[in-house]
Amino acid sequence: MGLKADKLTTRQNVGEGRRMGYEKVCILGLDCAEPSLVFDRYRAELPFLARLMARGCYGPLESTVPPITVPAWMCMMTGQDPGTLGIYGFRNRRDRSYEALEFANSHMVQAPALWDILGEYGKESLIVGVPLTYPPKPLKGVLVSDFLAPSTQEEYTYPPEFRHEIAQVVGDYLLDARGFREKDRDTLLTEIYEMTKRRFALAKHLLTTRPWNLFVMVEMGPDRMHHAFWRYMDAHHPFYEPGHRFVNAIRDYYRYLDSQIEAFVQLLDGDTLLLVVSDHGAKPMVGGFCFNEWLIREGYLVLKTVPEAPTKFSPKMVDWSRTRAWGDGGYYGRLFLNVRGREPQGTVPPEEVEALKQELIQRIEALTDDKGQPMGNRVFRPEEVYTSCQGVPPDLIVYFGDLHWRSVGSVGHNSLWTHTNDTGPDDANHAPFGIFLMADVKALRDAEAPVKTFDTTDALKGLSLYDIAPTVLNAFDLPIPANMRGKVIQRDWTGASPSGREQISSLSTPMQAERAYTEQEEEELARRLEELGYI
539 MGLKADKLTT
549 RQNVGEGRRM
559 GYEKVCILGL
569 DCAEPSLVFD
579 RYRAELPFLA
589 RLMARGCYGP
599 LESTVPPITV
609 PAWMCMMTGQ
619 DPGTLGIYGF
629 RNRRDRSYEA
639 LEFANSHMVQ
649 APALWDILGE
659 YGKESLIVGV
669 PLTYPPKPLK
679 GVLVSDFLAP
689 STQEEYTYPP
699 EFRHEIAQVV
709 GDYLLDARGF
719 REKDRDTLLT
729 EIYEMTKRRF
739 ALAKHLLTTR
749 PWNLFVMVEM
759 GPDRMHHAFW
769 RYMDAHHPFY
779 EPGHRFVNAI
789 RDYYRYLDSQ
799 IEAFVQLLDG
809 DTLLLVVSDH
819 GAKPMVGGFC
829 FNEWLIREGY
839 LVLKTVPEAP
849 TKFSPKMVDW
859 SRTRAWGDGG
869 YYGRLFLNVR
879 GREPQGTVPP
889 EEVEALKQEL
899 IQRIEALTDD
909 KGQPMGNRVF
919 RPEEVYTSCQ
929 GVPPDLIVYF
939 GDLHWRSVGS
949 VGHNSLWTHT
959 NDTGPDDANH
969 APFGIFLMAD
979 VKALRDAEAP
989 VKTFDTTDAL
999 KGLSLYDIAP
1009 TVLNAFDLPI
1019 PANMRGKVIQ
1029 RDWTGASPSG
1039 REQISSLSTP
1049 MQAERAYTEQ
1059 EEEELARRLE
1069 ELGYI
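Shown next, in the form of structure tokens:
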């Protein structure tokens, strides 16, 4: 796809962003890094990030709906929302049948990422660990795909032979902390540190051995730490244990990250714009709400036989001739309607769909917790939060307890609430805001140097994950595609949408039929994602 300026429909940099002219932009992604920890609780113990905040700019970064690793990182890198990408989570309905599900993968991403756009201008990119880059696609530069790669024995890099160089540099490159729910916490902690250490070692190797203009790395460690150790440091967590030996586990890991980032940034040229971002934040998980259990009790979902013990939900269980709706589990809930003429055995007449949605929204938002208190549920309509809806979107998206409760899809619990995760121990859920920090590297090193970009010490408001892509293109003095969401983040940021903002159209095309995983790999991936709580 040609993206050069003479072939682009472009718009002015939103808000008349100041022309930058950087030679290099570096994005360090920390999956799930939480604003309250970085900006407040641990700020005094994170000297490098604190300096970045003082000499650059920072603020909470609003995530996608839902705030989930897939597709949030790729939304950030393309400037497109989940609906436009047609990717609503880690696993999506391939079509309107009940059982055709497909794991999200790079083949589904039809919108150009930042490195695709920059490649058209002859700029080199180094990409490490960005979710939704497996299988790796060709680019002008080097790409190491993400934790969704089956293993390092597969072709998980571009060019393919680069994986052999990785083995020489770091040995066994850890795509993720495996056996997340199975390992004892000491072993898991050691593995997360080792994963982070090797990722940064590889990043520094790339930085010093390859030409580049754009560098993007995503480290998954903060997410794994929050899910495994949040209860030990948060007095508001229902399973908090005062004085536990892991009370400082998350703090110490953030301090380690701070030192790793500082050592990495020392290798950057002065004429580099540095961004440190996360795709979402974290909050304590109170428990799980049994979504399908509630739909069964209220008569929306009918099973052929109700299991007597907790059992993974399967479409084969369902009496579709009597079912109007069903739900999906994970950190948030997805609700699908069984619409006549749309689903194979649809029961809801099309003319009654809107009334049923209204009914479900009202009832879900009125739900109470196990103590009889309002849960504070939030329900979203995809057509209202996305610019378009490609693929097969859910009919409704649900945040139980505003994401303090996860959505439990399994059935047979004999209760609507559970305080034990159906996928294993889990301390945290995702929060709608991640972190954003940005500074000129020269300004970071020399307090007397002219500040090329930002000099505010006040936290910015109104920042969105969608602002990253246009901000990066603006930093390179490149035109911004008209259908890219977001605004250029600049010194006099107000958070207001500019007047005359253009209607955004989809860049996506229908999903490719090419399979990214074998059946055996899909089974293993399902096990891993269930273990991690994503499905």
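Throughout, this note's numbering is defined as the position within the sequence shown, counted from one, plus 538.
All residues carry an ideal CB built from backbone N, CA and C; glycine is no exception.
Considering only their Cβ atoms, is the gap separating residue j from residue i smaller than 9 Å?
| i | j | result |
| --- | --- | --- |
| Leu805 | Leu745 | yes |
| Ala571 | Ile973 | yes |
| Phe753 | Ser816 | no |
| Val647 | Met755 | no |
| Phe851 | Ser953 | no |
| Asp978 | Leu812 | yes |
| Phe738 | Gln798 | yes |
| Gly950 | Val856 | no |
| Pro853 | Glu637 | yes |
| Ala820 | His764 | yes |
| Met615 | Ala1007 | yes |
| Ala766 | Leu726 | yes |
| Leu652 | Val917 | no |
| Pro822 | Pro776 | yes |
| Gly621 | Pro931 | yes |
| His957 | Gly825 | yes |
| Arg862 | Leu875 | yes |
| Val946 | Gly867 | yes |
| Pro780 | Ala787 | no |
| Tyr596 | Pro609 | no |
| Phe827 | Leu905 | yes |
| Tyr694 | Val680 | no |
| Glu640 | Arg632 | yes |
Which residue marks the beginning of the beta strand (DSSP E) containing residue i, and which one marks its end?
| i | result |
| --- | --- |
| Thr810 | Thr810 to Val815 |
| Ser859 | From DSSP, Ser859 is part of no beta strand (DSSP E); its letter is neither H nor E. |
| Leu531 | This structure cannot settle anything about residue 531, because the visible part of the chain is limited to 539 through 1073. |
| Asn830 | No beta strand (DSSP E) holds Asn830; the alpha helix (DSSP H) holding it covers Phe829 to Arg835. |
If you follow the alpha helix (DSSP H) that residue i is part of, which residue opens it and which one closes it?
| i | result |
| --- | --- |
| Leu726 | Arg723 to Thr747 |
| Gly657 | Leu652 to Glu658 |
| Arg485 | Lying before the first or after the last residue shown, residue 485 is absent from the chain, which here runs from 539 to 1073. |
| Ala592 | Pro585 to Arg593 |
So what does DSSP say about residue i, is it helix, strand or coil?
| i | result |
| --- | --- |
| Ile1042 | Here the model assigns Ile1042 a pLDDT of 32, short of 50, so the residue's position is not dependable, and the following value carries that caveat. Coil, per DSSP. |
| Phe874 | strand |
| Tyr937 | strand |
| Thr906 | strand |
| Pro1036 | Unreliable placement is indicated for Pro1036, whose pLDDT of 33 sits below 50; the coordinate value is still reported in the next sentence. It is coil, neither helix nor strand. |
| Ala571 | coil |
| Phe918 | strand |
| Gln1058 | helix |
| Asp984 | coil |
| Leu752 | strand |
| Pro1019 | strand |
| Ala715 | coil |
| Thr925 | coil |
| Val1010 | helix |
| Arg783 | coil |
| Ser953 | coil |
| Ser945 | strand |
| Met976 | strand |
| Lys895 | helix |
| Thr616 | helix |
| Leu1003 | helix |
| Thr849 | strand |
| Gly1024 | coil |
| Leu623 | helix |
| Leu805 | coil |
| Gln691 | coil |
| Ala582 | helix |
| Val608 | helix |
| Met646 | helix |
DSSP puts residue i in a beta bridge; with which residues?
| i | result |
| --- | --- |
| Phe971 | Glu600 |
| Val886 | Val877 |
| His637 | Here the sequence assigns Glu to residue 637, which means His is not the residue at that position. Paired residues: none, contrary to the question. |
| Tyr696 | Leu681 |
| Cys564 | Phe753 and Leu812 |
| Arg912 | The question names Arg, yet the displayed sequence has Pro at residue 912. DSSP output for Pro912 lists Thr906 as bridge partner(s). |
| Arg631 | Leu639 |
| Ala966 | Pro822 |
| Thr671 | BP columns for Thr671 are empty, so no partner. |
| Gly865 | Leu873 |
| Leu841 | Val856 |
May I ask whether a heavy atom of the ligand COA can be found less than 8 Å away from the beta carbon of residue i?
| i | result |
| --- | --- |
| Pro970 | Summarising the ligand content, the structure contains no ligands, and the ligand COA is consequently not present. |
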